[in-house]
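Heads up, the thing below is written out as structure tokens.
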Amino acid sequence: MLRFAVLGEVRAWRADRPLDLGPPQRRAVLAALLLRGGKAVTAAELVEGIWGEDPVLRAVPALRTHVAKLRRELEPDRVNRGPSTLLVSIGDGYALRIPPGSTDIDRAETQVQTAERLRDDDPAAARDTLITALSTFEGAALGGLPGPFAERQRTRLEQWRLAILEDRLALDIEIGRGAEAVAELGPLIQEHPLRERFRVLLMTALYHGGRQAEALEEYARARHALVEGVGVEPGPELTEVHARILRAELPPVLRPARAVHTPAQLPPDIADFTGRSRAAAEIAAELTGDRCTVAISAVAGMGGVGKTTLALHVAHRVRDRFPDGQLYVNLRGADAAPVSPGDALGGFLRALGVAEGDIPQAVDERAAQLRTLVSDKRILVVLDNARDSAQVRQLLPGTPGTAVLITSRSALTELPAVRRTRLDVLEREEAMTLLTRIVGVERVAAERIAAYTIVDLCAFLPLAVRIVGARLAVRPQWSIASLADRLADEGQRLEVLQTGDLTLAAAFRIGYGQLHSEQARALRTLARAEVPDFPLDGAAAVLGVPVAQAEYLCESLVDLSLLETTAPGRYRFHDLLRLFARGLPGEEESAVLARLLDYYLASAKNLFSTLEYSNTSLHLVPTTVPGHVFATGADGQLWNDLERPVVIALHRQAARVGGRSVAVAADLAWVMAEFMDAGTWARELGDSLKALLHTAIAESDTGSVRRLRVAIGAMLLVGLGEVAASLEFLQPLSQPADYIDRRLQLLAEILLGVADRRLGNTKDSHRHYANAVALTRSLGDLSLEAWILALATRTLCESGQYAEALAVADRAIELADKSSNPVARGWATHELAATRSMLGEHAAALELAAAAVELARHNGIRLWEGWARTRLAQINLRAGDLDTAEQEAAQAMDLLRKAADPLDRARAMVLHAAALAARGEHPDAERELAGAAAIFRRAGLPAPTLDSLYVPGPIS
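Residue numbering for the sequence shown follows this note's numbering, beginning at 671 and increasing consecutively.
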């Protein structure tokens, strides 16, 4: 939020940071725009106002330069040469569009208007408000600015200041401070001898002070100054006061001075307040904006996130806008015995000067009395640490001008017309800045990596960072690294995060104490799954309740800031809060983990059914929950992308926990391996599967070992393009012992066939596919046989065995149709298309390839569409349609990049480069080829030439 000052030197701030406004002429441009109140000022008017009637030769270019530099300072985030939304161009001139209340003039005018409203009922409060308005003037207005406009405005603003001062002196006299007014008016009259109202006020004060003769002498001096100075007699007001004094008829002071209570209850601001600049600016704007109702802003968030710190910082920042006082109460909403509304109201009434005997007993009457006392006042009320809406509802004022700032762990959803801010943890650099301010710049600079480790382990929670910083600050002999090592141990992390009465676990325990039994069980149970986030139906599976009940429990925990929601129907824990909840007594971790894995396995089975891809799900361990349901394959692709980090985390947790969870996780890995799409998490998924394999070996779980070897082999082969490394996991899978193992052997044979094709071992590739076909026939699975024959077609085509490729592709399509397997049909179709293309049948090939792309799009799996588009690009290239080839290759590259299939993406890159080169775009083609070659080198494979990429024949 920008603030400006003109009642003194011209200055500006963004939040609390002063801006560099440049030399006096540039400040004069800004002042001219500020004092027009958002109206346009022409270039000619600006030039005259700054340089006068005889401007310098290049005044207009200088003006444009000043405006450009002001824009850069006022709008640092504006795109270069993009339109300004603040300092806008209008014709050949400019206008400055800022919110009301952005200048010190605005604030002073508001205070003068407030004083006018207060004058009749509370002249003492009106006087104090005018004192605040006068304090806004800090020296001569537009100090140091050149030009006629600044001089004119300087005179106008000084006259305004004197008028405000006259009103304040009149109120001094009215409330019985006449002696003070007399002492102040003497020097003022010497400085302004012709200003008649100062003389009127002095005569009035002297008269009511029992000094009638001195009052008449002052009139004589005033008349002499006017007659001798400017040749005029005193005006009507001065003459009337003189006549009334002579007749002893000057009205007496109507009201005696009365005690004015201006509460200032805010606790001190935090000296090392860090970050939150946007939230602070938005809350401040809400509290101080022009409204026809009470401004109410509520800050919610988990324990330790800094709600009170932010609220107090904002309250201090805006307190000058609430000259009638600031009320504060800690409602202790998370304590066992929160402050009652009646007690809070009693404290407010006493602070406002109500005598103890005048405070009513009934809560409703106290609330009504508070609303009456603060009506027509500008008071800020801070309600800290509220439990719920019921606790704060009766503490709210009822008239505009007052503002309320609430903090609570609860979202306070029942309160209407509230601007809500959900406070999250700090950004990483903000947390680092906070630690640095507590510990010291030199100490952090010396161990910067360890300091980053600490804020990471604190999960950027302000209270945790403060505790660590405080421990280090009083222990200068400790290294930052030593404390980082202690924090790294999850078992003692919460013990480390305490110092004195600052305890993170205690802050969390207060929130936990607010929960009823079902909520408490949900918190403990969900926290036992070490996942980055989880879906609603997954939570229902873990809790063993219907989805509607799970949603109620999760949303109630969100409302209490014990759980976060990242999207509708999706939830996560803060790392430290999950660590706290895991330490509470509850269900065994292994049982919770097994139920969540069960949900994901059931969901994967559902995806297989939606795709009509394979009957592998019949051979997996039984599941006990429905799992997620998919309308289309595209829905499954989105689910796969979203849940992949969760599945990786579950594999890691199963590897650590062991037991039954290993078998379920291994089945999940097997079924997901058949999709062959690891997205952009291929490396992490591979590492988690290796950890799981290590546990399965240690537990002598041979069934899980075989499943995991297949899954890891598929990941290395397709997801990472590490062909040689995949063989280590795939080759030992031989001589299956039972029916289910034959399924694993079959998948291993398929993957080995792909690996040998990629290595150029055509003969071995054919052998593996033949073994796989034999296994499918022994199992009676036509669907899988169609899939294998589609893959075998590619090997035949790439080895130049076109007649065989045609026959095998036709057979694959026949079996795919017979077994209702659209995926295998799509694969076989694009391999048949490639074969037709190699035989020069481009029209037929293009038709087949386009149909294969449509089948892949219908299936909804990104990897499969990427393969189909690669073939379509190749066929268009061979047919001479360079533009379509380039477009299809580009789409294939994008799809395969997201699906993490580096080798097929590199092949698409070669096709793309070939299309670019054929169009004469050689530099781009060379860069593309170099990128593809690098991928093949990393895989340990020779980079293909265009002729050897798919087939041994030249392009027609």
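The beta-carbon is built from N, C-alpha and C at its ideal position, and this holds for glycine as well.
Exercise. When DSSP labels each residue in this structure, what does residue 1052 get in the three-state scheme?
Worked result: Taking the first residue of the sequence shown as position 1, residue 1052 is located at position 382. Three-state result, residue 1052: strand.
For this session: Say whether the segment 1218-1225 touches the segment 1187-1207, bearing in mind that this needs 3 or more beta-carbon pairs closer than 8 Å, one atom from each stretch.
Result: Note that the segment 1218-1225 touches the segment 1187-1207; at least 3 beta-carbon pairs, one per stretch, sit closer than 8 Å.
Exercise. If you scan the segment 1300-1367 from start to end, which runs of the alpha helix (DSSP H) of 4 or more residues do you find wholly inside it?
Worked result: If only complete runs of 4 or more residues are kept, the segment 1300-1367 shows the alpha helix (DSSP H) at 1303-1327 and 1330-1343, in order along the chain.
Exercise. What is the rounded straight-line gap between the Cα of residue 1582 and the Cα of residue 1560?
Worked result: Counting from 1 along the sequence shown, the entry for residue 1582 is found at position 912. Counting from 1 along the sequence shown, the entry for residue 1560 is found at position 890. The C-alpha of residue 1560 is placed about 7 Å away from the C-alpha of residue 1582.
For this session: Excluding the 5 residues preceding and the 5 following residue 1121 in the sequence, name in chain order all residues of the same chain whose CB lies nearer than 7 Å to its CB.
Result: If you number the sequence shown from 1, residue 1121 lands on position 451. The answer, listed in chain order, is 1102, 1105, 1114 and 1150.
For this session: Could you please give me the residues that DSSP links to residue 966 through a beta bridge?
Result: Along the sequence shown, one-based indexing puts residue 966 at 296. Answer by DSSP bridge pairing, in chain order: 1074.
Exercise. What residues match up with residue 999 in a beta bridge as DSSP calls it?
Worked result: Taking the sequence shown and counting its residues from 1, the one referred to as residue 999 is at position 329. Beta bridge pairing from DSSP links residue 999 with 1053.
Problem set entry | Range covered by the alpha helix (DSSP H) that runs through residue 1540 | Here the question's residue 1540 lines up with position 870 in the sequence shown. Per DSSP, residue 1540 belongs to the alpha helix (DSSP H) from 1532-1549.
Exercise. To the nearest angstrom, how far is it from the Cα of residue 928 to the Cα of residue 755?
Worked result: The residue given as residue 928 occupies position 258 in the sequence shown. The residue given as residue 755 occupies position 85 in the sequence shown. Unreliable positioning characterises residue 928 in this predicted model, as indicated by a pLDDT of 42, which lies under 50. The coordinate reading is nonetheless provided below. Each residue's Cα considered, the two are about 49 Å apart.
Exercise. For residue 763, which of helix, strand or coil comes out of DSSP?
Worked result: Looking up residue 763 in the sequence shown gives position 93. Strand, per DSSP.
For this session: Would you check if there are 3 or more beta carbon pairs closer than 8 Å linking the segment 1463-1475 to the segment 1441-1455?
Result: No: fewer than three Cβ pairs fall under 8 Å.
For this session: Below 8 Å CB to CB, which residues in the same chain sit around residue 1420 once its five sequence neighbours on both sides are set aside?
Result: Counting from 1 along the sequence shown, the entry for residue 1420 is found at position 750. Result list for residue 1420: 1438, 1439, 1442, 1457, 1458 and 1461, in chain order.
Exercise. Mapping DSSP to helix, strand and coil, what is residue 1612?
Worked result: Here residue 1612 refers to the residue found at position 942 of the sequence shown. Note: residue 1612 maps to coil in three-state DSSP.
Exercise. Thinking C-alpha only, which one of 686, 685, 671 and 695 is nearest residue 679?
Worked result: Residue numbering aside, residue 679 sits at position 9 when the sequence shown is read from its first letter. Minimum Cα distance to residue 679 is reached at 695.
For this session: For the alpha helix (DSSP H) containing residue 1479, list its first residue and its last residue.
Result: Here residue 1479 is taken as the residue at index 809 of the sequence shown, counted from 1. Counting along the chain, the alpha helix (DSSP H) containing residue 1479 begins and ends at 1472-1488.
Exercise. Pairing CB atoms from the segment 1576-1590 with CB atoms from the segment 1549-1568, are three or more of them under 8 Å?
Worked result: They touch, by the three-pair rule.
Problem set entry | Best match in 791, 675 and 1075 for proximity to residue 808 [C-alpha to C-alpha] | Your numbering for residue 808 matches position 138 in the sequence shown. Of all alpha-carbon atoms in 791, 675 and 1075, the one lying nearest the alpha-carbon of residue 808 is that of 675.
For this session: Can you tell me the Cβ-Cβ gap for residue 1164 and residue 1137, rounded? I've got them flagged as a contact below 8 Å.
Result: Within the sequence shown, the letter at position 494 stands for residue 1164. Within the sequence shown, the letter at position 467 stands for residue 1137. A Cβ-Cβ distance of about 10 Å is found for the pair residue 1164 and residue 1137, leaving them out of contact under the 8 Å criterion.
Problem set entry | Boundaries of the alpha helix (DSSP H) in which residue 1440 is found, first to last residue | Counted from its first residue, the sequence shown places residue 1440 at position 770. Here the alpha helix (DSSP H) through residue 1440 covers 1432-1449.
For this session: Between the Cα of residue 1206 and those of 1139, 1124 and 1297, spot the shortest distance and give me the residue it belongs to.
Result: Against the sequence shown, residue 1206 aligns to sequence position 536. It is 1297 whose Cα lies nearest to the Cα of residue 1206.
Exercise. Would you report the Cα separation of residue 1017 and residue 985, rounded to the nearest angstrom?
Worked result: Looking up residue 1017 in the sequence shown gives position 347. Looking up residue 985 in the sequence shown gives position 315. Rounded to the nearest angstrom, the two C-alpha atoms are 19 Å apart.
Exercise. Among all the DSSP beta bridges, which residues are the ones paired with residue 1205?
Worked result: Your numbering for residue 1205 matches position 535 in the sequence shown. DSSP lists 1240 as partners of residue 1205.
Exercise. Assuming residue 1379 contacts residue 1362 under a Cβ cut-off of 8 Å, what Cβ separation, rounded to an integer in Å, is found between them?
Worked result: By one-based count along the sequence shown, residue 1379 stands at place 709. By one-based count along the sequence shown, residue 1362 stands at place 692. With a contact defined as Cβ atoms closer than 8 Å, residue 1379 and residue 1362 miss out at about 11 Å.
Exercise. Looking only at its own chain, which residues have a Cβ that is under 6 Å from the Cβ of residue 1622, when we skip the five neighbours before and after it?
Worked result: Here the question's residue 1622 lines up with position 952 in the sequence shown. Only weak support exists for where residue 1622 lies, its pLDDT of 37 falling under 50; the value from the coordinates is given anyway. Listed in chain order, the non-local C-beta contacts of residue 1622 below 6 Å within the same chain comprise 1470, local neighbours out to five positions each way being set aside.
Exercise. Excluding sequence positions up to five away, which residues of its chain have a Cβ less than 6 Å from the Cβ of residue 785?
Worked result: For the purposes of this step, residue 785 is taken as the residue at position 115 of the sequence shown. Excluding positions up to five away in sequence, the list reads 796, 799 and 800.
Problem set entry | DSSP state of residue 1184 mapped onto helix, strand, coil | Taking the sequence shown and counting its residues from 1, the one referred to as residue 1184 is at position 514. Coil at residue 1184, not helix or strand.
Exercise. What does a CB cutoff of less than 6 Å around residue 1612 pick up in its chain, not counting 5 residues either side in sequence?
Worked result: Along the sequence shown, read from residue 1 onward, the residue named residue 1612 stands at position 942. Within its own chain, no residue has a Cβ closer than 6 Å to the Cβ of residue 1612 once the five positions on either side in sequence are excluded.
For this session: Would you be able to state if there are at least three C-beta pairs under 8 Å between the segment 1027-1038 and the segment 1086-1100?
Result: Result no; under three Cβ-Cβ pairs closer than 8 Å.
Exercise. In chain order, what residues of the same chain have a beta carbon less than 7 Å from the beta carbon of residue 1084, not counting five sequence neighbours either side?
Worked result: The count along the sequence shown starts at 1 and reaches residue 1084 at position 414. Closer than 7 Å at Cβ, skipping near neighbours: 1059.
For this session: Work out the CA separation of residue 1324 and residue 1135 for me, nearest whole Å.
Result: Counted from its first residue, the sequence shown places residue 1135 at position 465. Counted from its first residue, the sequence shown places residue 1324 at position 654. It is roughly 31 Å from the alpha-carbon of residue 1135 to the alpha-carbon of residue 1324.
For this session: Helix, strand or coil for residue 1401, going by three-state DSSP, please let me know.
Result: Stepping through the sequence shown from its first residue, residue 1401 is reached at position 731. The answer is coil: DSSP assigns residue 1401 none of H, G, I, E or B.
Exercise. Which residues in the same chain have their Cβ closer than 8 Å to the Cβ of residue 1244, if we skip the five residues on either side of it in sequence?
Worked result: Start at 1 with the first residue of the sequence shown, and residue 1244 comes out as number 574. Excluding residues up to 5 positions away in sequence, 972, 1095, 1129, 1131 and 1234 lie with their Cβ nearer than 8 Å to the Cβ of residue 1244 in the same chain.
For this session: Mind the definition here: the segment 1492-1504 touches the segment 1529-1537 only if three or more C-beta pairs lie below 8 Å; say whether that holds.
Result: Judged by Cβ distances under 8 Å, the segment 1492-1504 makes contact with the segment 1529-1537, as three or more pairs qualify.
Problem set entry | Spatial distance of residue 1411 from residue 1609 (CA atoms) | Stepping through the sequence shown from its first residue, residue 1411 is reached at position 741. Stepping through the sequence shown from its first residue, residue 1609 is reached at position 939. In this structure, the straight-line span from the alpha carbon of residue 1411 to that of residue 1609 is close to 29 Å.
Problem set entry | Short Cβ contact (7 Å threshold) for residue 743 with residue 689 | Counting from 1 along the sequence shown, the entry for residue 743 is found at position 73. Counting from 1 along the sequence shown, the entry for residue 689 is found at position 19. Yes, they are a contact pair.
Exercise. Does the Cβ of residue 1364 have 16 or more other Cβ atoms within 10 Å, making it buried, or fewer, making it exposed?
Worked result: For the purposes of this step, residue 1364 is taken as residue 694 along the sequence shown, with counting starting at 1. Of the other Cβ atoms in all chains shown, fewer than 16 fall within 10 Å of the Cβ of residue 1364; this residue is therefore exposed.
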